[in-house]
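Asker: Sharing a structure with you now.
Numbering (this note's numbering), first residue to last: 28 to 88.
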């Protein structure tokens, strides 16, 4: 997926996705030609790393 599609998928702004690339934080991405693309599997792994069981939890339980 491209950046705009990825942002919608993760409920983030495209600018937030650009910041993640700039700072080297997840999600991983690939450059194909001049386009930045993300794999759905990488996005799911990134989203799953902060699974919470309650609003007061601070990470995976």
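Positions of the beta carbon are idealized from the N, C-alpha and C atoms, including for glycine.
For residue 56, collect the residues of the same chain with a Cβ closer than 6 Å to its Cβ; drop the 5 residues on either side in sequence, then sort them by chain order.
Answerer: Taking the chain shown and counting its residues from 1, the one referred to as residue 56 is at position 29. Same-chain partners within the cutoff: 63 and 65.
Asker: How should residue 33 be labelled, buried or exposed, when 16 other C-beta atoms within 10 angstroms of its C-beta is the threshold for buried?
Answerer: Counting from 1 along the chain shown, the entry for residue 33 is found at position 6. Buried, because 16 or more other Cβ atoms sit within 10 Å of the Cβ of residue 33.
Asker: Closer than 6 Å by C-beta to residue 41: which residues in its own chain qualify, once you throw out the five before and the five after it? Chain order, please.
Answerer: For the purposes of this step, residue 41 is taken as the residue at position 14 of the chain shown. Around residue 41: 30, 31 and 34.
Asker: Looking only at its own chain, which residues have a Cβ that is under 7 Å from the Cβ of residue 53, when we skip the five neighbours before and after it?
Answerer: To locate residue 53, count along the chain shown from 1; it is residue 26. The residues are 47 and 73.
Asker: According to DSSP, which residues form a beta bridge with residue 57?
Answerer: Your numbering for residue 57 matches position 30 in the chain shown. Partner(s): 64.
Asker: Please report the residue range of the alpha helix (DSSP H) in which residue 43 lies.
Answerer: The count along the chain shown starts at 1 and reaches residue 43 at position 16. 41-50 is the extent of the alpha helix (DSSP H) around residue 43.
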